[in-house]
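If you read the sequences in order, they're chains X and W.
For the first sequence, this note's numbering begins at 286 and goes up steadily by one.
For the second sequence, this note's numbering begins at 128 and goes up steadily by one.
Using N, Cα and C, we set each Cβ at its ideal position, and we do this for glycine too.
Below: the structure, in structure tokens.
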Amino acid sequence: MPINIYQLIADITAVSTEVVTHDVTTLQGFSERQLKAIAQQAAYVAKGIAAGEISEETRGFFLTGLEDMALNYAKTLHGLNSIVIEKVWNGVVSVIWKAISSATGLVFPTHFSG
Amino acid sequence: MNMVFRNWRILLALLALLLAAGCATQLAPAYDKAIVDGLRSSNREAMILFATLSAESESKSYPARAATYNQLIGTLDALEMQSRARPMPKGPGHEAANKLLEKRGLPVVGDDEAPSATALNRMSATLSKMRDTDRKQGLSPTEVQAFKGQMSIYMDQAMTYEAFLQR
């Protein structure tokens, strides 16, 4: 039985959409929390320095911390995106293996089936 | 029709890459429930410490908090080691994925360390700085709040990433 290309495309689209729709919510939530918290932290540190409530001892630490938190936020977002790509990739390949398996009657080893 | 053809070319490229790799592609380290559980309990203990410090703390009362600081810092350091001990994927599938992404002008995936390991390292550094300042001169309520804010941001980064690894 030949592969129905249009059905295969529909199946691939479905599996990709399922992963992306689910994970985008998590990524959006994380981004919103982080950006709000980093902005609040910046405002709080600035206010504390201006009011003399943050000592010389900790001032530099908090200022460097803001820069580093922003960097690691970007790295975390990048890491989360990698996981989404991995899930989509493996989902797509799994659909392809199933289609080839149905068309050829070949049974692939489990490590080939994603 | 061009769209269909392009999709097919992408699929064939993916298929060839997966055949070359011979296994499911992994672009991030494995999920570790022990790290997630450790993060949750450390977060709880840290928030209790911050709650006890919400009123101004003087350095003379530091000895009562010393053990809590040290226990938390030790736990976070151990979790960082656990996080770094996991191998970061660097197989043929990972390299092929990066080449494909690079070719399409997309950012490559995977770094030398998990972002949660960095976040754990910074949480430990934050608490160490807080402990040392507390011991030396005490902490103002504003400083306590700023330390708490910094700790919470890194904790969110670590917890979100580690939980997301459960795929």
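Exercise. Is Glu270 (chain W) buried or exposed, if buried means 16 or more other CB atoms sit within 10 Å of its CB?
Worked result: Here residue 270 (chain W) is taken as the residue at index 143 of the second sequence, counted from 1. That one is buried.
Exercise. Given Gly378 (chain W), which residues of its chain have a CB within under 6 Å of its CB, disregarding the five upstream and five downstream residues?
Worked result: Lying before the first or after the last residue shown, residue 378 (chain W) is absent from chain W, which here runs from 128 to 294.
For this session: For Ser340 (chain X), return the contacting residues in chain W, with the cut-off set at a CB-CB distance below 8 Å.
Result: Here residue 340 (chain X) refers to the residue found at position 55 of the first sequence. Result: Thr260, Gln264, Ser267, Glu270.
For this session: Can you say whether Tyr358 (chain X) is buried or exposed, counting buried as having 16 or more other CB atoms within 10 angstroms of its CB?
Result: The residue labelled residue 358 (chain X) in the question sits at position 73 within the first sequence. Answer is buried; the Cβ neighbour count reaches 16.
Exercise. Gln209 (chain W) CB to nearest chain X CB: under 7 Å?
Worked result: The residue you call residue 209 (chain W) lines up with position 82 of the second sequence. Interface with chain X (7 Å Cβ-Cβ cutoff): Gln209 (chain W) is excluded.
Exercise. Any Cβ of chain X within less than 7 Å of the Cβ of Gly165 (chain W)?
Worked result: Looking up residue 165 (chain W) in the second sequence gives position 38. For Gly165 (chain W), the answer is no, since every Cβ of chain X falls outside 7 Å of its Cβ.
Exercise. Hey, is Tyr288 (chain W)'s beta-carbon within less than 7 Å of any beta-carbon in chain X?
Worked result: The residue given as residue 288 (chain W) occupies position 161 in the second sequence. Yes, because at least one Cβ of chain X sits closer than 7 Å to the Cβ of Tyr288 (chain W).
Problem set entry | Within 7 Å, strictly: CB atoms of Lys334 (chain W) and Phe346 (chain X) | Lying outside 128 to 294, the shown extent of chain W, residue 334 (chain W) is not represented and no answer is given.
Exercise. Does the beta carbon of Lys256 (chain W) sit closer than 7 Å to a beta carbon anywhere in chain X?
Worked result: Numbered from its first residue, the second sequence carries residue 256 (chain W) at position 129. Chain X contact via Cβ: present.
For this session: Give the straight-line distance between the Cα atoms of Ile381 (chain X) and Gln292 (chain X), rounded to the nearest whole angstrom.
Result: For the purposes of this step, residue 381 (chain X) is taken as the residue at position 96 of the first sequence. For the purposes of this step, residue 292 (chain X) is taken as the residue at position 7 of the first sequence. One C-alpha to the other measures close to 11 Å.
For this session: Indicate whether at least one CB of chain A lies closer than 7 Å to the CB of Leu154 (chain W).
Result: The structure shown contains no chain A; its protein chains are X and W.
For this session: Classify Ser184 (chain W) as helix, strand or coil using the three-state DSSP reduction.
Result: Translated into the one-based positions of the second sequence, residue 184 (chain W) becomes position 57. Correct three-state label for Ser184 (chain W): strand.
Exercise. Where Leu292 (chain W) and Pro242 (chain W) are concerned, what is the direct C-alpha to C-alpha distance, given to the nearest angstrom?
Worked result: On the second sequence, position 165 is the one that residue 292 (chain W) refers to. On the second sequence, position 115 is the one that residue 242 (chain W) refers to. Rounded to whole angstroms, Leu292 (chain W) to Pro242 (chain W) spans 12 Å at the Cα level.
Problem set entry | Leu266 (chain W), DSSP secondary structure in three states | Within the second sequence, the letter at position 139 stands for residue 266 (chain W). When DSSP states are grouped into helix, strand and coil, Leu266 (chain W) belongs to the strand group.
Exercise. Any idea if Asp283 (chain W) is buried or exposed, counting beta-carbon neighbours within 10 angstroms, 16 or more meaning buried?
Worked result: In the second sequence, residue 283 (chain W) corresponds to position 156, counting from 1. With 16 or more other Cβ atoms within 10 Å, it is buried.
Exercise. What is the DSSP secondary structure of Val392 (chain X), counted as helix, strand or coil?
Worked result: Working through the first sequence from its first residue, we reach residue 392 (chain X) at position 107. Note: Val392 (chain X) maps to coil in three-state DSSP.
For this session: Could you spell out the range, first to last residue, of the alpha helix (DSSP H) harbouring Leu293 (chain X)?
Result: As a first step, residue 293 (chain X) is located in the first sequence; it is residue number 8 there, counting from the start. It spans 290 to 335 - the alpha helix (DSSP H) in which Leu293 (chain X) sits, taken as one unbroken run.
For this session: Quick one: using the 10 Å Cβ neighbour count with 16 as the cut-off for buried, is Met174 (chain W) buried or exposed?
Result: Along the second sequence, one-based indexing puts residue 174 (chain W) at 47. Looking at its Cβ environment, which holds fewer than 16 other Cβ atoms inside 10 Å, Met174 (chain W) is exposed.
Problem set entry | Buried/exposed call for Val377 (chain X), threshold 16 Cβ in 10 Å | Position 92 of the first sequence, counted from the start, is the residue given in the question as residue 377 (chain X). With 16 or more Cβ atoms within 10 Å of its Cβ, Val377 (chain X) is classed as buried.
Problem set entry | Any beta strand (DSSP E) of 3 or more consecutive residues that is wholly inside the segment 160 to 214 of chain W | If one requires a minimum length of 3 residues, no beta strand (DSSP E) run lies completely within the segment 160 to 214 of chain W.
For this session: Check the Cβ of Tyr281 (chain W) against every Cβ in chain X and list those closer than 8 Å, keeping chain order.
Result: Position 154 of the second sequence, counting from 1, holds the residue named residue 281 (chain W). Simply Met354, Asn357.
Exercise. Hey, Leu176 (chain W) and Leu203 (chain W) are a contact pair by Cβ (cut 8 Å); roughly how many whole angstroms apart?
Worked result: Mapped onto the second sequence, residue 176 (chain W) falls at position 49. Mapped onto the second sequence, residue 203 (chain W) falls at position 76. Separation of the CB atoms of Leu176 (chain W) and Leu203 (chain W) is rounded to 12 Å, and the pair is thereby denied contact status at 8 Å.
Exercise. Residues of chain W with CB under 8 Å from Asn375 (chain X), in chain order?
Worked result: Translated into positions along the first sequence, residue 375 (chain X) becomes position 90. Simply Ala151, Thr152.
Exercise. Where does Lys372 (chain X) land, buried or exposed, given buried means 16+ other C-beta within 10 angstroms?
Worked result: Counted from its first residue, the first sequence places residue 372 (chain X) at position 87. Burial call: buried.
Problem set entry | Nonlocal neighbours in the same chain, by C-beta distance under 7 Å from Ser210 (chain W), ignoring five residues either side | To locate residue 210 (chain W), count along the second sequence from 1; it is residue 83. Excluding positions up to five away in sequence, the list reads Ile162, Ala241, Ser243, Ala244, Leu247.
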